[in-house]
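Student: Can you keep this structure in mind? I'll have questions shortly.
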Amino acid sequence: IQDMNVIRKRLEVGKGGGLARAAAQQSSSTNMVSLILSDVLGDPLDLIASGPTVRDTSTAHNAWQLVQQHLIPKGLELPPKVLALLEQGSNSTDDNNDNDTTIHYGPTCLVGHNGLAVTRAADVAHELGYHPIVLGTQFQGEARDAATFLVSMAQHLQQQSPPSKYSMATKFPVALIAGGETTVTLPSDATQTGKGGRNQELALTAAVTMRQQRQASGLPPLRNIVVASVGTDGTDGPTDAAGAVVDGGTLARLGGDVTESLQHHDAYHYLEQVDPQGNSPLIRTGPTGTNVADIMM
């Protein structure tokens, strides 16, 4: 999203400080205060919503480099007018489009971000009797890799034998909590993909990983590790679910061909099944009215 927002600044006049500049043109005495809700990891003010009210730190040349890096090599086509506008930045000598030092951007207040959501999740976990361990708020990369990491961490905590007095003394039950925003790389042929989202794919991969690791050891599936991943906006991909929650017994309860579901990125249709008790792993909250990225635990 960070790279995409650098490109978006070159395509819309309101981004990259454009709203503040427009306000200053209306009146030199304009006072502006920005209340910012962040869904961008690390909370860089100039990239959240492409920074309409803060000074731009990127350049037109930066945007063109990103187009060359991400879009052109993958054969992704842009409308000719858009491509031509971005290509103008290839030879740009301007630092950015925001060199007017007379513009007063005003104070900013970060009213919501992923760190707040993760901290609140840890507070609730503690209230419920868990020992929360926050792993960070900048989880990125493929959803499947994140799932494998979380399961491995949980299994390590179960099996650890502290070698020295300097080891972390784990108090069970433990809640590992992380924030961030993973990705799912889809094939170029859209007909080969199903329905789902990054959180559902993470959860389904975690269920498969738990089963595979226990099968490799000759032991039954783990049932005392639970993995959940949700979008704080209540929507994960083009679905009505925010995410999903699974454990080591999820696949046995649901049955079906989970391998094919993962191959076709069709986590939703697998996870919408109900087990014999009438429960589905999908988490449905409906729209929450906010968006501060995802929470995994």
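Here full-length UniProt numbering is used: the first residue of the sequence shown is 1, the next is one more, and so on.
Every residue, glycine too, gets a C-beta built ideally from N, C-alpha and C.
1) Please identify the residue among His113, Thr59 and Gly14 whose C-alpha is closest to the C-alpha of Gly231.
2) For Arg144 and Ala228, what's the separation of their Cα atoms in angstroms?
3) If we count Cβ pairs, one from each stretch, closer than 8 Å, do we get three or more for the segment 51–69 versus the segment 131–142?
4) Applying the criterion that 16 or more other CB atoms from any shown protein chain within 10 Å of the CB defines a buried residue, is Val274 buried or exposed?
5) Which whole runs of the beta strand (DSSP E) in the segment 52–138 are 3 residues long or more, in chain order?
6) Skipping 5 residues on each side, what residues in its chain have a beta carbon closer than 8 Å to that of Val118?
7) Can you give, in chain order, each stretch of the beta strand (DSSP E) that sits fully within the segment 211–293 and has at least 3 residues?
8) Are Ala175 and Tyr105 close, meaning C-beta to C-beta below 8 Å?
9) In chain order, what residues of the same chain have a beta carbon less than 8 Å from the beta carbon of Leu116, not counting five sequence neighbours either side?
10) Take Val226 as the anchor and find which of Pro238, Asp233 and Ala203 has the nearest alpha-carbon.
11) Between the C-alpha atoms of Gly17 and Ser261, what's the straight-line distance to the nearest angstrom?
12) Tell me whether the beta-carbon of Ile103 lies closer than 8 Å to the beta-carbon of Ala24.
13) Helix, strand or coil for Met32? Go by DSSP, reduced to three states.
14) With three or more beta-carbon pairs closer than 8 Å as the criterion, would you say the segment 27–42 touches the segment 79–88?
15) Specify the secondary structure class of Gly16 as computed by DSSP and reduced to three states.
16) Ignore the nearest five residues each way along the sequence and tell me which others in Leu35's own chain have a CB closer than 6 Å to its CB.
17) Name, in chain order, the residues that DSSP records as bridge partners for Val174.
18) I'd like the span of the alpha helix (DSSP H) that includes Ile7, first residue to last.
19) So, using beta-carbon positions, are Val6 and Ala63 closer together than 8 Å?
20) Under 8 Å, do Asp46 and Asp56 count as touching if we go by C-beta distance?
21) Is Ala216 near Thr250, with beta carbons less than 8 Å apart?
22) By alpha-carbon positions, which one of Gly243, Asp3 and Ile72 ends up nearest to Val40?
23) Name the two residues that bound the continuous alpha helix (DSSP H) containing Met153.
Tutor: Reading from the atomic positions:
1) Here residue 231 refers to the residue found at position 231 when the sequence shown is read from its first residue. Check the Cα spacing between Gly231 and each of His113, Thr59 and Gly14: the tightest is with His113.
2) For this step, residue 144 is matched to residue 144 along the sequence shown. For this step, residue 228 is matched to residue 228 along the sequence shown. Near 13 Å, if we compare the C-alpha coordinates of Ala228 and Arg144.
3) Touching, no.
4) One-based indexing of the sequence shown puts residue 274 at position 274. So Val274 counts as exposed.
5) Every unbroken stretch of the beta strand (DSSP E) spanning 3 or more residues and falling wholly within the segment 52–138 is given here in chain order: 108–112.
6) Against the sequence shown, residue 118 aligns to sequence position 118. Hits under 8 Å: Val134, Thr137, Ile177, Ala178, Gly179 and Ile295.
7) Annotation: the segment 211–293 contains the following complete segments of the beta strand (DSSP E) (minimum length 3 residues), in chain order: 226–231 and 243–247.
8) Counting from one through the sequence shown, the residue named residue 175 turns up at place 175. Counting from one through the sequence shown, the residue named residue 105 turns up at place 105. Taking the C-beta atoms as reference points, Tyr105 is found no nearer than 8 Å to Ala175.
9) Locating residue 116 in the sequence shown gives position 116, where the first residue counts as 1. Closer than 8 Å at the Cβ level, and outside the excluded window around Leu116, lie Val292.
10) The count along the sequence shown starts at 1 and reaches residue 226 at position 226. Closest by alpha carbon: Ala203.
11) What you label residue 17 is simply residue 17 of the sequence shown in a count that begins at 1. What you label residue 261 is simply residue 261 of the sequence shown in a count that begins at 1. Distance between the alpha carbons of Gly17 and Ser261: 43 Å.
12) On the sequence shown, position 103 is the one that residue 103 refers to. On the sequence shown, position 24 is the one that residue 24 refers to. Yes, Cβ-Cβ distance for Ile103 and Ala24 is below 8 Å.
13) As a position in the sequence shown, residue 32 is number 32, starting the count at 1. In the structure shown, Met32 sits in coil (DSSP, three-state: anything other than H, G, I, E or B).
14) Not touching, per the Cβ criterion.
15) The residue given as residue 16 occupies position 16 in the sequence shown. Correct three-state label for Gly16: coil.
16) Stepping through the sequence shown from its first residue, residue 35 is reached at position 35. Cys109 and Val111, listed in sequence order.
17) The count along the sequence shown starts at 1 and reaches residue 174 at position 174. DSSP, once it has assigned bridges, lists His131 as partnering Val174.
18) On the sequence shown, residue 7 is found 7 positions in, with the first residue counted as 1. Going by DSSP, Ile7 is part of the alpha helix (DSSP H) stretching over Gln2 to Arg8.
19) On the sequence shown, position 6 is the one that residue 6 refers to. On the sequence shown, position 63 is the one that residue 63 refers to. Going by C-beta atoms, Val6 is nearer than 8 Å to Ala63.
20) For this step, residue 46 is matched to residue 46 along the sequence shown. For this step, residue 56 is matched to residue 56 along the sequence shown. Taking 8 Å as the Cβ cut-off, Asp46 and Asp56 qualify as a contacting pair.
21) Your numbering for residue 216 matches position 216 in the sequence shown. Your numbering for residue 250 matches position 250 in the sequence shown. For Ala216 and Thr250, no; Cβs fall outside 8 Å.
22) Walking along the sequence shown from the start, residue 40 turns up at place 40. Checked all of Gly243, Asp3 and Ile72; the closest Cα to Val40 is Asp3.
23) Reading the sequence shown from its first residue, position 153 is the one you call residue 153. Ala143 to Gln159 is the span of the alpha helix (DSSP H), which, as asked, contains Met153.
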